[in-house]
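So the sequences go chain by chain: A and B. Reading the first sequence from the start, the letters are residues 1 to 272 in the numbering used here. Reading the second sequence from the start, the letters are residues 1001 to 1158 in the numbering used here. C-beta: ideal position from N, C-alpha, C; glycine also. Since the structure is predicted, the reported quantities are computational estimates derived from the model, not experimental observations.
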Amino acid sequence: MAVRKNQADLTATEKRNFVDAVLELKRSGRYDEFISTHNAFIIGDTDEGERTGHRSPSFLPWHRRFLLQFEEALQSITPSVTLPYWDWTVDRSPRSSLWADDFLGGDGRSGDGRVPSGPFAFSSGKWPMNIRVDGRTFLRRSLGAGVRELPTRAEVDRVLAMTVYDAAPWNSSSDGFRNNIEGWRGPNLHNRVHVWVGGQMTTGASPNDPVFWLHHCFIDKLWADWQRLHPKSGYLPTGNTPNVVDLNDTMKPWNDVTPADMLDHTKFYTYA
Amino acid sequence: MSRPTRRQVLHVSAAALAGTALAAPVAFAGTASARPTAGHGHSEGHQAPAGHEMPEPFDEMYQGRHIEGWPADEGAPEHGHHAGHGGRAHSRSAPAGPHDGMDFVVRIDNDDLHVMRNADGTWISLVNHYETFTTPRALARAAVRELQGADLVPVVTG
């Protein structure tokens, strides 16, 4: 059984294996397919229209499946690799080991935001921005510039305490756990972290920054934590909801997996 | 990839608008047909009865960049009957168009910036997709700051 760990607890070897597998997916072209998919959904998902990957109840199961697919791709390179998660309530500084040059590399330099060192720096030659929204071809970050503070544990706990999974109108204006963790309402958890990192992470092509996976892995863990806190609260809605993925509807782009299939992560991995 | 003409942009945008259960797409089409088709800088703002007011068009220089925006339906009311983005029949396996789901066109130095309106009336763009803005103008200015002089490029999607 795959075990997903806190990135802060990874050994040097685990970090190297993760980075090398990510770089190999990039070299082979498979990595960029994930960026394209994410970008297509973030553009296509609208509050009043069809919505699957974002601003909708399936935000959480969609990303769980998306991360599983990415993790399987990593494991096709190195079978022992699993996705680590970034608990940004704890590792909330640009000086965190997450941003060291033996892992994701650091903050962007002032002026143009270019990440100057680490395995994903432009100068490494191994991390071209092929799927992008503007002409810049280098990975950028501006940690803490777009918003000063990452969410706190107290803010996370406030959202985890919400008992209802999601609510009509099932979009960015909903009450409930899903929209509060996504960040369109309430203390703003998931969205705010994208803004805090800056650079490509603020765009629809956010998987250009490998921290995307560690961020979403923590969001996925928080969903699992929420389920444990509220065992009687299920995924909503459960049927006949236009433009929205109901519990037993299949999700694009896979078309063979439903939110119901994604509810129990222990079928696939556990969290350390 | 060749840049779409403005007419193509408007076509796609109007189609997306019509197929989306926005507050009042019919009302939008009606006001658009009553307006001169040339130019987009001089019309009144739209009013959606049950929703949010459509922002005014804008056209300005901001930090050395030409930013402009206008309601996406303007000038293309004849396309209002097209099937659009929101229906179940629409295949997500097809790549999303650059204006899929848009109801306001924003350009920076004549390049399209994909924007989207949230249910609460706020706006996001592809450049700042996790942060809301009160108006498309504010969103365009934020994109200029984020771009630091870089050009937008046509969106590549799966």
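Check: Separation of B:Glu-1131 from A:Phe-92, as counted between CA atoms; Outcome: Reading the sequence as shown, one finds Arg at residue 92 of chain A and not Phe. Answer to the nearest angstrom: the Cα atoms are 20 Å apart.
Check: Close-in-space but distant-in-sequence residues of the same chain around B:Met-1001 (CB under 8 Å, 5 per side omitted); Outcome: The pLDDT assigned to B:Met-1001 is 39, lower than 50, so where the model puts this residue is not dependable; a value taken from the coordinates is nonetheless given after this. Within the same chain, B:Met-1001 has close Cβ partners Pro-1154.
Check: As assigned by DSSP and simplified to three states, the class of A:Tyr-31; Outcome: helix
Check: Range covered by the alpha helix (DSSP H) that runs through A:Met-262; Outcome: 259 to 262
Check: 8 Å Cβ cut-off: residues of chain A touching B:Tyr-1062; Outcome: None at all; the shortest Cβ gap to chain A is about 16 Å.
Check: DSSP three-state assignment for A:Phe-268, whether helix, strand or coil; Outcome: coil
Check: Minimum Cβ-Cβ distance from B:Glu-944 to chain A less than 8 Å; Outcome: Any property of residue 944 of chain B remains undetermined from this structure, which presents chain B solely from 1001 to 1158.
Check: Where the beta strand (DSSP E) containing B:Ile-1124 begins and where it ends; Outcome: 1123 to 1125
Check: The beta strand (DSSP E) enclosing A:Val-3, as first and last residue numbers; Outcome: 2 to 4
Check: B:Leu-1113 (DSSP reduced to helix, strand or coil); Outcome: strand
Check: Beta carbon proximity, B:His-1114 to chain A, threshold 8 Å; Outcome: yes
Check: Supposed close pair A:Val-197, A:Arg-141 - CB separation, criterion 8 Å; Outcome: 6 Å
Check: Residues near B:Arg-1065 by beta carbon distance below 7 Å, same chain, minus five either side; Outcome: Ile-1108, Asp-1109, Val-1144
Check: Residue span of the alpha helix (DSSP H) that contains A:Glu-149, given as start and end; Outcome: Here A:Glu-149 belongs to no alpha helix (DSSP H), and DSSP marks it neither H nor E.
Check: Check whether A:Thr-13 and B:Glu-1146 have beta carbons under 8 Å apart; Outcome: no
Check: Residue from A:His-194, A:Asn-180, A:Asp-134, A:Glu-182 with nearest C-alpha to A:Arg-148; Outcome: A:His-194
Check: Spatial distance of B:His-1085 from A:Asp-45 (CA atoms); Outcome: Interpretation of B:His-1085 is limited by its pLDDT of 35, a score under 50 that renders its predicted location unreliable; the figure taken from the coordinates is listed afterwards. Cα to Cα, the separation comes out at about 10 Å.
Check: CA nearest to the CA of A:Leu-74, picked from A:Asp-47, A:Arg-109, A:Arg-27; Outcome: A:Arg-27
Check: Coil, strand or helix - B:Pro-1071 by DSSP; Outcome: strand
Check: Residues of the segment 199 to 215 of chain A with Cβ closer than 7 Å to any Cβ of chain B, in chain order; Outcome: Thr-202, Thr-203, Gly-204
Check: Contact the segment 168 to 180 of chain A vs the segment 3 to 21 of chain A: 3+ CB pairs below 8 Å; Outcome: no
Check: 8 Å Cβ cutoff, B:Asn-1110 in contact with chain A; Outcome: no
Check: Coarse secondary structure for A:Met-129, derived from DSSP in three states; Outcome: coil
Check: Those residues which DSSP pairs with B:Tyr-1062 across a bridge; Outcome: B:Arg-1065
Check: Cβ-based neighbour list, A:Trp-254, same chain, cut-off 7 Å, excluding 5 preceding and 5 following; Outcome: Arg-65
Check: Residues that A:Val-195 contacts on chain B, provided the C-beta gap is smaller than 9 Å; Outcome: Asn-1128, Tyr-1130, Glu-1131
Check: Contact the segment 152 to 164 of chain A vs the segment 182 to 189 of chain A: 3+ CB pairs below 8 Å; Outcome: yes
Check: Reduced DSSP category for A:Phe-18 - H, G, I as helix; E, B as strand; rest coil; Outcome: helix
Check: Three or more C-beta pairs below 8 Å linking the segment 242 to 258 of chain A and the segment 54 to 71 of chain A; Outcome: yes
Check: Neighbourhood of A:Asn-240 by C-beta distance below 6 Å, restricted to the same chain and skipping five residues each side; Outcome: none
Check: Bounding residues of the alpha helix (DSSP H) (the contiguous stretch that carries A:Val-195); Outcome: 190 to 197
Check: Close-in-space but distant-in-sequence residues of the same chain around A:Asp-101 (CB under 7 Å, 5 per side omitted); Outcome: Ser-117, Gly-118
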